[in-house]
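Numbering-wise (UniProt numbering), the sequence shown opens with residue 1 and increments by one.
C-beta: ideal position from N, C-alpha, C; glycine also.
Notes for the one structure printed next.
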Amino acid sequence: MADTSEATAGPPPGASETTETPMEVDAETPGSPANSTEPKPSEEAFAMMSVGFDLGNLMSKVCQLNPKEQMPTIVRNTASNEQTPSVISFRQRQERYFGDDAVSHLTSQPASTVCDLKKIIGVDLTEEFVKANGLNFPVKCAQNTIELSLEDGDRSVAVPHVVGMLLKRLLEFARQQKSGSPGVMPASAVVAVPTHFSDKQCGAIRDALLIAGVPADRAHIIPESVAELLCYHHSHYAELNVSEPTTIVMVDVGHFQSFVTLARMTKTKIEVIATRSSPTGSGMVDMGLLRDAVKHIQDTKKTDISSLPKALARISKEARKCKEMLSMLETSNVTVETLTDEIDLQMKVSRETLNQHAQPLADGLVGLCEQVMEAAGPDFSKDAVNRVEILGGGIRMPCLQERLKEYWGKPLATTMDGTLSLTQGCAIYGVVQQPTSETTRILQSLVSKADESRRIMDTLHHVEIVPAPEVPGVSMSDEEMAKCMEVEADLQARDDKHIATATAKNSIEEYVYATRSNLDSPDMQKALGDDCTKVRDMLTKVEEWLWDMDEDTAADVYTAKLESTKKEILDGFPAISKELERQAAEQAKRDAAMAEEARKAAAEQKKEPRTDGERIKFAEERKDQGNGLLKQEHYSESITRYVQALAYLGEVYASEDADIKAKKEAISLSCHLNIANAAIKVQMYQKAIDNCNKALELQPGSAKAYFRKGQALSLKSEFTQAKEALDKALELAPGDKLIEKELKQNAKKMEQHKAKEKKMYANMFGS
C-alpha cells in the first residue's frame with residue numbers, strides 16, 4: 001500500500017530513482033528540498049512506521065507498515081529485488097559491499113566475505129564449529145569475532161556488529177523508500193528469531209539492532225512462530241470466529257532451521273499451544289549434494305577440491321539450483337564450467353538422490369510434529385486440527401510434503417506467502433502489539449476523526465497473544481557496545497573515503513564517455529568542425545592519466561583533474577558550451593512537459609489500489625508509462641515507472657489465482673527487461689545485470705534477458721562473463737544478428753582491454 005499521508009502526486013510504493021547525466025551544465029536550484037530546513041512529510045511518515053526484518057541465513061527481507069494502512073509494504077533494495085542476500089564483503093581499498101553487490105565475492109574473495117550470519121550469531125566460533133561449517137565459512141574468525149585484514153590495519157569485529165551492518169543497510173532501504181532523511185528511525189523495528197535460539201543468540205540479535213541505530217525502546221525480538229501466526233491472523237481475519245477458536249498447525253522449513261507450531265486463534269486472541277524447532281533445514285540437502293560433487297570430482301578427476309573455498313562456493317550455488325529444479329523435475333544437473341583450470345563439473349542428479357539427502361530432514365519434521373502433539377497434551381488430537389499450513393523455501397521438496405500429509409492425514413494448505421509472511425508478521429507486531437507513544441498518538445487521532453469510515457484499530461486487528469511473545473535477551477555490556485560503535489564509526493569513515501574516491505574517479509570516466517558520445521552527434525560535429533579531433537585527443541590523454549594513477553590516489557586529486565579538464569575543454573572550445581546550453585534548454589522543456597503529464601495523472605488517480613485486480617491494473621499503467629518514456633529516450637524516468645509497477649506487484653497476494661499470477665509474472669518480466677534496457681543507456685550496468693537475473697528467474701529461457709545481461713557485463717569490462725551470457729542468448733535465438741554483432745564487439749573490446757592492461761603494467765613496473 002502507498003502511504004496515504006504523503007502528497008497525492010508523490011510516487012507509489014517503490015522508491016523513485018534518479019540518475020544524473022554525466023555531461024551536464026552545472027547549476028543549482030534555489031529552494032530545492034535539499035536546501036530546505038523544514039521537516040519533510042516523508043520524514044514523519046517513516047518515523048511512524050513499523051519495520052519488520054526477516055534475517056535469513058541466505059536471504060533477508062524487510063517490510064514496513066504504516067498504522068494508517070491495512071497491509072505491510074515490502075521494501076525493495078537498490079536492485080529492485082524483494083530479497084537481499086545475507087552477505088557482506090570487506091575488501092582492501094574498497095568500501096563494504098552488501099547483499100547483491102557482495103554475492104560475487106563469495107567465489108572471488110571468499111576469505112573476506114561473510115555469510116551464514118544467522119548460523120554464526122551468538123555462538124562461540126570455536127575450531128570445532130568452524131571445522132563443522134568450514135565448507136561455507138572460510139573467513140578467519142576467533143571466538144565470537146570476525147578477523148579482517150584491511151589496507152589500514154587488522155580489525156576484530158564482533159559477529160553482532162556484522163549482523164548490525166546488514167540490518168542498518170536494510171533499514172536504509174526502508175528509509176529511502178519513504179524518502180526519509182538519514183538518522184530518522186521508525187517507531188518500531190522487529191526481528192523474529194528461531195524458537196531454538198538461546199538467550200545469548202537473542203541478545204546478540206538485539207545488540208545488532210542497537211548497532212544499526214535503533215533506539216532500545218523501539219527494538220523488539222519475537223519468535224518466528226509468533227510472527228507467522230500474526231501474519232496468518234491478519235490475512236485470514238474474516239475467516240476467524242469471535243468465540244469459537246480455529247486450530248492451526250504451521251510447518252516452516254528454512255535453509256538452516258525448521259519449526260512446527262500448534263495454535264488456536266479467534267478474532268481477538270492467538271494462543272500458542274506448543275512450538276518445537278530444530279537447527280536443521282534444507283541447507284543439509286545442499287551440503288549433501290556438495291559432498292556428492294566433491295566425491296564425483298575425486299573419483300573422475302582424481303583431484304581433491306575440499307580445501308578450495310572458491311570452487312566449493314561455486315558448487316554450493318549450483319547445488320542449490322539443482323535442488324530447486326528437482327522439486328519439479330525427475331532429473332537435473334550440477335554444472336560448473338572451469339571450476340579450476342583443468343576441471344569442469346557435470347554431475348547428473350536424480351529425484352531419488354534428492355529424497356535420500358532429504359530423508360533425515362523429513363524424519364526430523366515428523367519428529368517435531370510428534371513433539372508438538374505430545375507437548376499439547378491429551379486434550380489435543382490430530383483430528384482437532386482445522387488446517388495444516390506449510391511455508392518456507394525448503395518445504396517445496398515433494399518428499400517432505402508427502403511425509404507431512406501422511407502424518408496429519410489431511411491436505412496441506414499454502415495460502416500464505418512463504419517468502420514474505422515472516423517479515424510481514426514482524427511489521428504487524430510492531431503496530432498492534434508494541435505501539436510507541438508516537439504511533440499511539442497517530443492511532444488515537446485517526447480513530448477520533450468524525451469522518452473516519454472505519455476504525456483503524458479494527459482494521460489492524462489488535463489481538464492478544466498468549467503467552468507474551470517478547471523474547472528476553474542477554475545484551476552486550478556498555479563497554480562492549482561502545483567499542484562496536486567506535487569500530488562502526490571507523491568503518492563508516494573508511495567507506496565514505498573509498499566511495500568518495502570511486503565517485504570522483506567515475507565522474508572523470510563518465511565525463512570522458514559522455515563527451516565522446518556528444519562528439520558523435522551531428523549537431524556537435526557541425527558546431528565544432530575539425531576541432532572534434534582535438535577534443536578526442538584531449539580525452540585520450542585524460543584516460544591515460546587515469547591508468548597511471550595508483551589505488552591510493554585521493555578523491556580531491558580526481559576532482560581537481562575533472563574540473564581542470566572541463567575548464568580546458570570548455571574554455572578552449574566555446575562552441576561546446578553553446579551546444580550544451582541548447583541541449584539543456586530542450587531537456588528543460590521535455591522535463592516540464594513530463595511534470596505536467598505526471599500532475600495530470602496524479603489528479604486523475606482517485607484512489608489507491610485495494611484489491612489485487614486494482615494493483616495489477618495500476619502496475620500495468622505504470623509499465624505502459626515506462627514504455628512511453630523509454631521510447632522517448634527518458635531512460636531514468638522510465639526506470640522510475642517500472643520500479644513503481646514492481647512495487648504494486650509486490651503487494652499482489654492472490655497467489656492461488658492463476659489469472660492474477662500469470663498477469664503478475666508477465667508484467668514483472670516486462671518491467672525487469674525494460675529496466676535492464678534503460679539502465680544500460682544511463683550506465684547503471686549492475687542494475688541492468690540484477691534485473692536480467694530477475695527476469696531469468698521468471699523465464700529461464702529468455703534470450704533477451706541473456707542478451708541484455710551480456711551487453712551490461714561487456715560494458716562493465718567483464719568480458720568473459722559477457723561472452724557466456726551472449727553465447728547462451730545465441731543458443732536460445734540462433735542466427736540473431738544483434739546477438740552475433742554484440743559477440744563480435746565484446747571480443748574486440750576484450751582484445752583492446754588486454755592491450756590497455758599490458759600498457760598499464762608496463763608503466764607500473766617501468767618496463
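With fewer than 16 other Cβ atoms inside 10 Å of its own Cβ, Gly377 counts as exposed. Two segments are said to touch when three or more pairs of C-beta atoms, one from each, lie closer than 8 Å; by this definition the region 671-687 touches the region 620-635. In the structure shown, the three-state DSSP call for Ser702 is coil. By a beta-carbon distance limit of 8 Å, Phe259 contacts Arg276. Their separation comes to about 7 Å.
Contact check between the region 277-294 and the region 302-317: three or more CB pairs, one atom from each, fall below 8 Å, which counts as touching. DSSP links Asn333 through a beta bridge to Lys348. Between Leu170 and Val62, the CB-CB gap stays under 8 Å. Counting along the chain, the unbroken beta strand (DSSP E) around Thr145 starts and ends at 145-150.
Lys321 has its alpha-carbon roughly 38 Å from the corresponding atom of Tyr513. Within the region 191-219, the runs of alpha helix (DSSP H) that reach at least 4 residues and sit entirely inside it are, in chain order, 199-211. The shortest C-alpha to C-alpha distance from Ala362 to any of Leu404, Glu342, Ser332, Gly393 is the one to Leu404.
With a cutoff of 8 Å on beta-carbon distance, Ile248 and Tyr237 are scored as not near each other. DSSP places Glu724 in no beta strand (DSSP E) but in the uninterrupted alpha helix (DSSP H) bounded by 719-732. In the structure shown, Thr246 falls within a strand segment according to DSSP collapsed to helix, strand and coil. Under the three-state reduction of DSSP output, Arg96 falls in the coil class, being neither helix nor strand.
For Cys63, the uninterrupted beta strand (DSSP E) segment begins and ends at 59-65. Val487 is positioned such that its CB atom lies closer than 8 Å to that of His161.
Gly52 sits in a strand when the DSSP states are folded into three classes.
DSSP, reduced to helix, strand and coil, places Lys68 outside both helices and strands of the structure shown, so it counts as coil.
Excluding sequence positions up to five before and after Ile569, its CB lies within less than 8 Å of the CB of Thr515, Val535, Met538, Ile576, all in the same chain and listed in chain order.
Just so you know, the alpha carbons of Leu649 and Tyr685 end up roughly 24 Å apart. Membership of Met538 in the alpha helix (DSSP H) is indicated by the continuous run 531-548.
Residue pairing by DSSP places Ala263 opposite Ile248, Val272 in a beta bridge.
Pro411 and Glu464 have their C-alpha atoms spaced approximately 29 Å apart.
A contact between stretches requires three or more CB pairs, one per stretch, nearer than 8 Å, and the region 475-486 meets this requirement with the region 207-217. The shortest C-alpha to C-alpha distance from Thr419 to any of Ala47, Met48, Thr84 is the one to Thr84.
The beta-bridge partner set that DSSP reports for Glu464 consists of Lys269. Between the region 213-231 and the region 414-433 there are three or more inter-stretch CB-CB distances shorter than 8 Å, so the stretches are counted as touching.
For the pair of segments examined, the region 179-199 was found to touch the region 214-223: the number of CB pairs separated by less than 8 Å reaches three. Restricting attention to Ser235, His220, Ile270, the CA atom closest to the CA of Val242 is found in Ile270. In the structure shown, the three-state DSSP call for Pro398 is helix. Beyond the five residues adjoining it in sequence on each side, Gln359 comes within less than 8 Å, by CB distance, of Cys399 in the same chain, given in chain order.
In the DSSP annotation of this structure, the continuous segment of the beta strand (DSSP E) that includes Gly153 starts and ends at 153-158. With respect to the 8 Å criterion, Ala427 and Gln64 are classified as neighbours on the basis of their beta carbons. Measuring C-alpha to C-alpha distances from Lys728 to each of Lys716, Lys704, Lys748, Leu715 identifies Lys704 as the nearest.
The DSSP-derived three-state label of Cys231 is helix.
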